[in-house]
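Engineer: I'd like to ask some things about the structure below.
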Amino acid sequence: MSSNVNSLDFSAVTDLTGRVALVTGGGTGIGLMIAKGLASNGATVYVGGRRVDVLEEATHLRFGKENEKRIIALQLDVTDKSSILSAVDTMSKAHAKLDILINNAGHLGPRTAFTTTPDAPERASCATYGRAQFDSQSFEDWGSHFALNIGSTFFVTNAFLGLLEASTKSTRSGEDKQWASVINITSAVSSFTLSHGYFAYVSSKAALGHLTKVMANDLAMKGMPIRINAISPGVFPSELTASKEFLDKNASDPGTALRPSPMLRPGREHEIAALAVYMASPASNFMMGHEVLLDGGLSLVNP
Numbered sequence: 032m033s034s035n036v037n038s039l040d041f042s043a044v045t046d047l048t049g050r051v052a053l054v055t056g057g058g059t060g061i062g063l064m065i066a067k068g069l070a071s072n073g074a075t076v077y078v079g080g081r082r083v084d085v086l087e088e089a090t091h092l093r094f095g096k097e098n099e100k101r102i103i104a105l106q107l108d109v110t111d112k113s114s115i116l117s118a119v120d121t122m123s124k125a126h127a128k129l130d131i132l133i134n135n136a137g138h139l140g141p142r143t144a145f146t147t148t149p150d151a152p153e154r155a156s157c158a159t160y161g162r163a164q165f166d167s168q169s170f171e172d173w174g175s176h177f178a179l180n181i182g183s184t185f186f187v188t189n190a191f192l193g194l195l196e197a198s199t200k201s202t203r204s205g206e207d208k209q210w211a212s213v214i215n216i217t218s219a220v221s222s223f224t225l226s227h228g229y230f231a232y233v234s235s236k237a238a239l240g241h242l243t244k245v246m247a248n249d250l251a252m253k254g255m256p257i258r259i260n261a262i263s264p265g266v267f268p269s270e271l272t273a274s275k276e277f278l279d280k281n282a283s284d285p286g287t288a289l290r291p292s293p294m295l296r297p298g299r300e301h302e303i304a305a306l307a308v309y310m311a312s313p314a315s316n317f318m319m320g321h322e323v324l325l326d327g328g329l330s331l332v333n334p
C-alpha cells in the first residue's frame with residue numbers, strides 16, 4: 032500500500048519503508064528499543080555509539096518477512112566534532128539524506144548519595160552538607176556531563192541539517208510534504224524538584240527540554256522544513272537505571288523519596304518504540320516543538 036498522509040489507515044502513515052534513521056546511543060536501553068521499533072516498521076537504522084562491540088550485537092537482529100538486516104553499526108562519539116562529521120560523511124555517501132534523527136546519547140553523571148541518606152554524617156549541618164556537595168564533584172564533571180547530555184544534541188543536529196533537509200525535499204510537495212523528524216530524548220525527572228542526588232543530570236535534562244523548543248523555534252522561524260520534538264521517558268530498563276527484572280521486582284519501591292508510578296511497573300519496550308515510530312513518521316507531521324511525557328504517571332505523584 033502506498034503511503035497516504037491523509038489516510039486513517041494508520042499502518043500506512045506509520046510505515047517507515049525507505050526511511051533512514053540515526054539513533055545516537057542506540058546500542059542499548061531506550062536507544063535500542065527505539066531503533067528496533069523503527070526497523071520493525073521498515074526503516075534502515077544506524078545505531079551510533081563509541082562501543083563497537085555493543086553496536087555489533089544490535090546488527091544481528093532481523094526484521095520483516097524477508098528477515099532483513101535493517102540495523103547498521105556506526106561508530107560515533109557525539110562529543111567529538113570530527114567523529115560527528117565523519118558520521119555525516121558516511122551517511123551522505125550511503126543515502127544522501129537522513130529522515131529521522133534520535134538524539135538519545137547521555138549518561139547519569141555525578142551523584143551525591145548522601146543527599147538521599149537521612150543519617151549521613153554529611154547532613155549534620157548546613158556547613159558540612161554544603162562542603163560535602165562542594166568537594167564531591169568538579170567543574171570537569173559538570174562540563175563533560177553537559178557536553179554529552181545537551182551539547183551533543185546541538186552539534187549532532189546542526190551537523191545533519193543538510194541531510195535532514197534533503198529528506199524533506201525528497202518527499203511529495205504541497206500539503207502532503209513529509210518533514211524530516213528530530214526526536215530528543217529528555218527525561219521525566221526534568222520536571223521533578225527532587226534531585227535524588229543527581230543535580231547535574233536533572234538540570235541537564237531540563238535544559239535539553241528547553242533546547243528542543245528553542246531549536247524547533249529557530250528552524251521554524253527561518254522556514255527550514257525540519258521538525259524537532261522530544262520524548263520524556265520515565266523509568267525504562269536501561270544501563271542508566273537497571274534491568275527489567277530488577278525494575279519489575281522493585282516497582283513498588285523505586286528509591287528513597289521517590290513514589291512509585293500509579294502503574295507499579297517500568298515502561299515496556301513496545302510502549303516507547305510505538306511513540307517514537309509515531310513521532311518519526313508522517314502521522315505526526317503536524318507536531319513541532321513538543322516534549323511528550325511517557326512515564327506511567329510517575330510525574331503525577333512526585334514533586
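For reference, each letter of the sequence shown is one residue, going 32 to 334 in my numbering. By construction, the Cβ of each residue, glycine as well, lies at the ideal position given by its N, Cα and C atoms.
Does the structure place the segment 116-130 close enough to the segment 194-214 that three or more beta carbon pairs sit under 8 angstroms?
Structural biologist: Contact between the segment 194-214 and the segment 116-130 is present, because at least three Cβ pairs lie under 8 angstroms.
Engineer: At 4 residues or longer, what runs of the alpha helix (DSSP H) sit wholly inside the segment 178-226?
Structural biologist: Counting whole runs of 4 or more residues, the segment 178-226 contains the alpha helix (DSSP H) stretches 183-190, 192-200.
Engineer: Out of curiosity, what's the CA-to-CA distance linking Val109 and Ser42?
Structural biologist: Stepping through the sequence shown from its first residue, residue 109 is reached at position 78. Stepping through the sequence shown from its first residue, residue 42 is reached at position 11. The straight-line gap from Cα to Cα measures roughly 33 angstroms.
Engineer: Tell whether a beta-carbon distance below 9 angstroms holds between Ser183 and Pro141.
Structural biologist: Position 152 of the sequence shown holds residue 183. Position 110 of the sequence shown holds residue 141. In this structure, Pro141 does not lie closer than 9 angstroms to Ser183 by Cβ.
Engineer: Since Asn260 and Ile214 are thought to touch, with beta carbons under 8 angstroms apart, how far apart are those beta carbons, to the nearest angstrom?
Structural biologist: Position 229 of the sequence shown, counted from the first residue, corresponds to residue 260. Position 183 of the sequence shown, counted from the first residue, corresponds to residue 214. Contact flag correct, Cβ pair sits at about 6 angstroms.
Engineer: Rounding to the nearest angstrom, what Cα-Cα distance links Ala52 and Ser198 in this structure?
Structural biologist: Along the sequence shown, read from residue 1 onward, the residue named residue 52 stands at position 21. Along the sequence shown, read from residue 1 onward, the residue named residue 198 stands at position 167. Looking at the two C-alpha atoms, the distance is approximately 11 angstroms.
Engineer: Any contact of the segment 54-69 with the segment 296-307, i.e. 3+ C-beta pairs under 8 angstroms?
Structural biologist: Contact between the segment 54-69 and the segment 296-307 is present, because at least three Cβ pairs lie under 8 angstroms.
Engineer: With DSSP collapsed to three states, give me the class of Ser263.
Structural biologist: As a first step, residue 263 must be located in the sequence shown, where it is residue number 232. Correct three-state label for Ser263: strand.
Engineer: So the alpha helix (DSSP H) Leu39 belongs to, where does it begin and stop?
Structural biologist: For this step, residue 39 is matched to residue 8 along the sequence shown. Looking at the DSSP string, Leu39 is not in any alpha helix (DSSP H), and its letter there is neither H nor E.
Engineer: Please classify Lys236 as buried or exposed, where buried requires at least 16 neighbouring CB atoms within 10 angstroms.
Structural biologist: Start at 1 with the first residue of the sequence shown, and residue 236 comes out as number 205. Buried, because 16 or more other Cβ atoms sit within 10 Å of the Cβ of Lys236.
Engineer: Please confirm whether Ile133 and Gly57 have their CB atoms less than 9 angstroms apart.
Structural biologist: As a working mapping, residue 133 is identified with position 102 in the sequence shown. As a working mapping, residue 57 is identified with position 26 in the sequence shown. Contact flag set, yes.
Engineer: State the CB to CB distance for the pair Leu107 and Ala118, rounded to an integer number of angstroms; the pair is presumed to be in contact (CB under 8 angstroms).
Structural biologist: Counting from one through the sequence shown, the residue named residue 107 turns up at place 76. Counting from one through the sequence shown, the residue named residue 118 turns up at place 87. Going by Cβ atoms, the distance from Leu107 to Ala118 rounds to 5 angstroms, so yes, they are a contact pair.
Engineer: What three-state label does DSSP hand Glu97 in the structure shown?
Structural biologist: Looking up residue 97 in the sequence shown gives position 66. DSSP places Glu97 in coil when its eight states are reduced to three.
Engineer: Taking contact to mean at least 3 C-beta pairs separated by less than 8 angstroms, is the segment 316-327 in contact with the segment 253-267?
Structural biologist: Judged by Cβ distances under 8 angstroms, the segment 316-327 makes contact with the segment 253-267, as three or more pairs qualify.
Engineer: Who are Glu322's beta bridge partners in DSSP?
Structural biologist: Residue 322 sits at position 291 when you count from the first residue of the sequence shown. DSSP lists Ala261 as partners of Glu322.
Engineer: Just verifying my parser: in three-state terms, what is the DSSP assignment at Leu105?
Structural biologist: As a working mapping, residue 105 is identified with position 74 in the sequence shown. Leu105 falls in the strand class under three-state DSSP.
Engineer: For Thr55, which three-state DSSP category applies?
Structural biologist: Counted from its first residue, the sequence shown places residue 55 at position 24. Here Thr55 sits in strand by DSSP.
Engineer: Put Asn134 into one of helix, strand or coil per three-state DSSP.
Structural biologist: In the sequence shown, counting from the first residue as 1, residue 134 sits at position 103. Here Asn134 sits in strand by DSSP.
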